[in-house]
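22 is the number that numbering that gives the first Met the number 0 gives to position 23 of the sequence shown; each next residue is one higher, with no gaps. Heads up, the thing below is written out as structure tokens.
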Amino acid sequence: MKTFRLFAAIALLIASSAASVFAAKPERKLLVAGVAFYNFENLFDTIPNNPEGRDLEFTPNGQRQWDGRKYRQKLHNLAYAISQFKTRTTPLGPAIIGVSEIENRTVLEDLVAQPELAKLDLGIVHHDSPDARGVDVGLLYNKRYFRVENVTNHRLTAVPFRTRDQMCVVGSLLGQKIAVIVNHWPSRIGGQEQSEPNRVAAAELCRHIADSLWSVDPAMGVIIMGDLNDDPMDRSCAVTLGAAKKPAGVGPHAFYNPWWSKLDNGIGTLAYKSQWNLFDQIIISGNLVNVPDTQWKFYEAKVLNFDFLKDNEGNRQGYPKRSFTAGSYIGGYSDHFPTEIFLHRYIEVKE
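Right under this line is the structure:
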């Protein structure tokens, strides 16, 4: 009888130990983060508050007759659009949203206070640029997912005019450090070929920022986003940044451009004379692409060309529905579609 009890006790101990080991076995949980960009197309307030008069066009007495009603409708439209960025795996929308064509911090504060966005309690990063039109870039972020650690702003001095600064925001995305460089490169005024050196200079500055980041932290993922006023196959993106069309073989400190194939398939973010362009890009460093799935890793890219963002009138059918067409106010959203990438990462959890 004593022998039987001894064997029973040993068996129970073994079973208990096995159950403990099994219970402690880590399980994997998938995290998903959206990173978006949106050119707001002239988000100006109504107050003539620029000493050089750069904003007079967007004032009640200016050429656009930009009054409180139009401003409030623009805010509502953009807030509604952003509220629709949510997906099944990102029910609160993107963790990070880079923006361009904003007049000042106030317009972003007014935007995030809109009913469609207020509950998200979005954080704001903004910096006044010397741009001749008085527009800046900025960043909105969900404080639940992204924590800002450092912000630097970089002036593009290699062009013969005042343009937007490049904003570099370093932070922690659910525990992993990444950097986001928000851009609005010089326009194509004067023609694409004639103005190309200005955007090549902007790409050189962007590459310099990335290299500076890696000299401090070689493991840091870098995301370059913005209205680049160039397509993925243009010299600034394909050569100066070296952003590859395919992810295979992209090194940790090189770049992959997922938008190249989108444009090849006729998908763009803005249209001019029946020609689609894809200027609104989010370009990813190789250490966010060819890495283990326990780190943030690129999953997919989308042009957010929702039907409600499209014009249904005349020869602009299917194009982004903007605020003004041929000088007439039509109360749209923007002349650009937004873009978004999704990053995946597995973490181990214990039951």
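Glycine included, C-beta positions come from ideal geometry on N, C-alpha and C.
With a CB to CB cut of under 7 angstroms and the five nearest residues on each side skipped, what residues in its chain are close to Q83?
-> Excluding positions up to five away in sequence, the list reads F305.
Kindly indicate which residue of L240, L42 and Q274 has the alpha-carbon position closest to the one of I281.
-> When each option's Cα is compared against that of I281, the closest is L240.
Following the continuous beta strand (DSSP E) through A270, name the residue where it begins and the one where it ends.
-> Annotation for A270: the continuous beta strand (DSSP E) segment containing it runs L269 to Y271.
Start and end of the alpha helix (DSSP H) containing H207?
-> Q191 to V215
By how many angstroms is the C-alpha of P50 removed from the C-alpha of K261?
-> 42 angstroms
In the segment 50-96, which residue ranges form an unbroken alpha helix (DSSP H) of at least 4 residues, counting only runs that do not cross its ends?
-> 67-82
Reference A131, options P59, D120 and V158, closest by Cα = With distances taken between Cα atoms, A131 lies closest to V158.
May I ask you to verify whether the segment 162-174 touches the segment 144-154, counting CB pairs closer than 8 angstroms and requiring at least 3?
-> yes
Where does K245 sit, in a helix, a strand or coil, going by DSSP?
-> coil
Output the boundary residues of the beta strand (DSSP E) element that contains T338.
-> Element bounds for T338: T338 to V348.
May I ask which residues mark the beginning and end of the beta strand (DSSP E) holding T151?
-> F145 to H153
If you scan the segment 97-172 from start to end, which runs of the alpha helix (DSSP H) of 4 or more residues do you find wholly inside it?
-> Whole alpha helix (DSSP H) segments, 4+ residues: 104-111.
C-alpha distance - K85 paired with F341, whole-angstrom precision | 11 angstroms
Please report how far the alpha carbon of L55 lies from the alpha carbon of V134, in whole angstroms.
-> The alpha-carbon atoms of L55 and V134 are separated by roughly 13 angstroms.
From which residue to which residue does the beta strand (DSSP E) around S260 run?
-> Not the beta strand (DSSP E): S260 falls in the alpha helix (DSSP H), residues W258 to D263.
Out of curiosity, what's the CA-to-CA distance linking I329 and P185?
-> 27 angstroms
C-beta contact flag for V249 and G285 at 8 angstroms | Taking 8 angstroms as the Cβ cut-off, V249 and G285 qualify as a contacting pair.
Span of the beta strand (DSSP E), counted from its first residue to its last, around L42 = E26 to L42
Can you tell me where the beta strand (DSSP E) with I180 in it begins and where it stops?
-> Run containing I180: Q175 to H183, per the beta strand (DSSP E) assignment.
Hey, F39 and G225: beta-carbon distance below 8 angstroms or not?
-> Not closer than 8 angstroms, so no.
Less than 8 angstroms between the CB atoms is what I'm expecting for I96 and I81, so what's the real figure, rounded?
-> Contact between I96 and I81 holds: their C-beta atoms lie close to 7 angstroms from each other, under 8 angstroms.
Can you name the start and end residues of the beta strand (DSSP E) that N276 belongs to?
-> Q274 to N276
Got a sec, what are the start and stop residues for the beta strand (DSSP E) G225 sits in?
-> G220 to D226
Measuring alpha carbon to alpha carbon, tell me which of N314, S322, I222 and W213 ends up nearest R63.
-> Of N314, S322, I222 and W213, the residue nearest in Cα terms is S322.
Backbone secondary structure at F307 - three-state DSSP = helix
Exposure label - V302; buried when at least 16 CB within 10 Å = buried
Ignore the nearest five residues each way along the sequence and tell me which others in V199's own chain have a CB closer than 7 angstroms to its CB.
-> R234, S235 and T239
At what residues does the beta strand (DSSP E) containing Y318 begin and finish?
-> Looking at the DSSP string, Y318 is not in any beta strand (DSSP E), and its letter there is neither H nor E.
Cα separation between I188 and N228?
-> 10 angstroms
According to the Cβ coordinates, are P25 and V348 closer than 8 angstroms?
-> yes
Starting from D279, trace the beta strand (DSSP E) both ways and give me its first and last residue.
-> D279 to S284
Going by beta carbon distance, what residues of the same chain come within less than 6 angstroms of S194, once the five residues before and after it are set aside?
-> R187
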